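Report on the structure given below.
Protein chains: 2
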Amino acid sequence: MKLDEAKQQFIQNWGALGTQWGINRTMAQIHALLLVSPDPLSADEIMSQLQISRGNTNMNVRDLIDWGIVEKVLKPGERREYFSAEKDIWKVAMRIVRERKRREVEPILNALQQLKEVEKEGNEKEVKEFTNVITDIQKFADQASRGVDGLVKMDEHWFTGTLLKLFK
Amino acid sequence: MKLDEAKQQFIQNWGALGTQWGINRTMAQIHALLLVSPDPLSADEIMSQLQISRGNTNMNVRDLIDWGIVEKVLKPGERREYFSAEKDIWKVAMRIVRERKRREVEPILNALQQLKEVEKEGNEKEVKEFTNVITDIQKFADQASRGVDGLVKMDEHWFTGTLLKLFK
DNA sequence: CCGAACTTTCGAAATTTTCTGAAAATAAAT
DNA sequence: ATTTATTTTCAGAAAATTTCGAAAGTTCGG
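Residue numbers (the numbering used here), protein chains in the order written: chain A, 938 to 1105; chain B, 938 to 1105.
Below, the structure written as structure tokens:
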């Protein structure tokens, strides 16, 4: 098997996985491509490798940069911008987790809090049930959220060496 | 605020969150509706509350059942089927995590393993880089996977009481 | 300033996903 | 066996998302 075939397959798989997790295919593919490229790539190289348009490339690279898992690399004396992916997969995962928490979980938690603060009128049993569910979700999310914060603070070595043992 | 308004808002929020995590809106909404309903609901009740078609209702309820977070409830002497959601949010989260791992992560891991086993021809440096990335992802995914397995085995109390303290 | 070399934006087109509704299947009741 | 109640399926319609590409914007060297 040629290296390029293997890369291609990896890119496709990564794209499919991304889709299932609510990340668009192209973004995941660009990320995969950069992951397996030893050197930074320019927009044009990404375009031609993945057969996608300039606009699409630009939008998704920008998103990846927003997520903090890809960075611009400027080569001295070169006008063109290059891009490279964070290769430490632990860091990548932590950035994604932290960012999703911030963008998606926290707004929902605020919404939940508001729902709880309002006086409800209506059937006794139903109000009780509703409040219980909301409270449980809050508690759970708070726990999970703290767990994430804790996790994010660990460095890779501590995770590998210590936490892993906890789970046998 | 009326109870029904509050429920409605919760259902919408839950639906939006689901979308961002790659779960379809309706499935998340049905789940939310069942979560805040003290008693099991029939397909017709779900249809009218969420203003969706019978077919859509049926398909998504079936999926929720496949995920193991909703169950059929048969009332004695009644023909109609009712549905109720698992209310223990910890259990819900664990089922979802376990199931996603099984359905989505494991196939990718297999694909990665295959990619590694093949002999690559091509530029030395690039082959090295590629193999490194794949290996790192595998290691990470293995760790995460074990972590999930460990997590799934804990019961709620242990999580609340003990693990939480670990993260201060 | 000007123009070349790139980058970004944005509306429209293409693609993918989800939903509907009517028909088919199933199961109980008469 | 026939009618009645309910669930399931599925092809096409509708909606949502993603992608394209031309045009507008930026930046930099001269």
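Backbone N, C-alpha and C fix where the C-beta goes; we use that ideal spot for every residue, glycine too.
Every value quoted in this text rests on a predicted model; they were computed, and no experiment measured them.
Just verifying my parser: in three-state terms, what is the DSSP assignment at residue i?
{"i": "residue 974(A)", "result": "coil"}
{"i": "residue 939(B)", "result": "strand"}
{"i": "residue 990(A)", "result": "coil"}
{"i": "residue 1058(A)", "result": "strand"}
{"i": "residue 1102(B)", "result": "In this predicted model, residue 1102(B) has a pLDDT of only 49, less than 50, meaning its place in the structure is not dependable; the value taken from the coordinates is given anyway. Looking at residue 1102(B) - three-state DSSP - the assignment turns out to be helix."}
{"i": "residue 954(A)", "result": "helix"}
Need the endpoints of the alpha helix (DSSP H) that residue i sits in, please.
{"i": "residue 1009(B)", "result": "Per DSSP, residue 1009(B) belongs to no alpha helix (DSSP H); it is in the beta strand (DSSP E), 1007-1011."}
{"i": "residue 1066(A)", "result": "1061-1090"}
{"i": "residue 1116(A)", "result": "This structure gives no information on residue 1116(A), because the portion of chain A shown stretches from 938 to 1105."}
Span of the beta strand (DSSP E) holding residue i?
{"i": "residue 1018(A)", "result": "1018-1022"}
Buried or exposed: where does residue i fall if 16 or more other Cβ atoms within 10 Å of its Cβ makes it buried?
{"i": "residue 1065(B)", "result": "exposed"}
{"i": "residue 1072(A)", "result": "exposed"}
{"i": "residue 997(B)", "result": "buried"}
{"i": "residue 974(A)", "result": "buried"}
{"i": "residue 926(A)", "result": "Nothing can be reported for residue 926(A), as the shown portion of chain A is limited to 938 through 1105."}
{"i": "residue 944(B)", "result": "buried"}
For residue i and residue j, which I take to be in contact (beta-carbon distance under 8 Å), what is that distance rounded to the nearest angstrom?
{"i": "residue 1052(B)", "j": "residue 1051(A)", "result": "Not quite, the Cβ-Cβ distance comes to about 47 Å (not below 8 Å), so this is no contact."}
{"i": "residue 994(A)", "j": "residue 983(A)", "result": "5 Å"}
{"i": "residue 1034(B)", "j": "residue 1089(B)", "result": "7 Å"}
{"i": "residue 940(B)", "j": "residue 1067(A)", "result": "6 Å"}
{"i": "residue 1109(B)", "j": "residue 1004(B)", "result": "Past the boundaries of the shown model lies residue 1109(B); chain B is included only from 938 to 1105, so the question cannot be answered."}
{"i": "residue 1084(B)", "j": "residue 958(A)", "result": "17 Å between Cβ atoms; not a contact."}
{"i": "residue 1038(B)", "j": "residue 985(B)", "result": "Not confirmed; about 36 Å, so no contact."}
Exercise. If we count Cβ pairs, one from each stretch, closer than 8 Å, do we get three or more for the stretch 984-991 of chain A versus the stretch 1025-1038 of chain A?
Worked result: no
Exercise. Any chance the stretch 966-981 of chain A sits against the stretch 1014-1022 of chain A, with 3 or more Cβ pairs inside 8 Å?
Worked result: yes
Exercise. On the three-pair Cβ rule with 8 Å, is the stretch 942-957 of chain B touching the stretch 1038-1046 of chain A?
Worked result: yes
Exercise. Three or more beta-carbon pairs under 8 Å between the stretch 1055-1070 of chain B and the stretch 1003-1011 of chain B, yes or no?
Worked result: no
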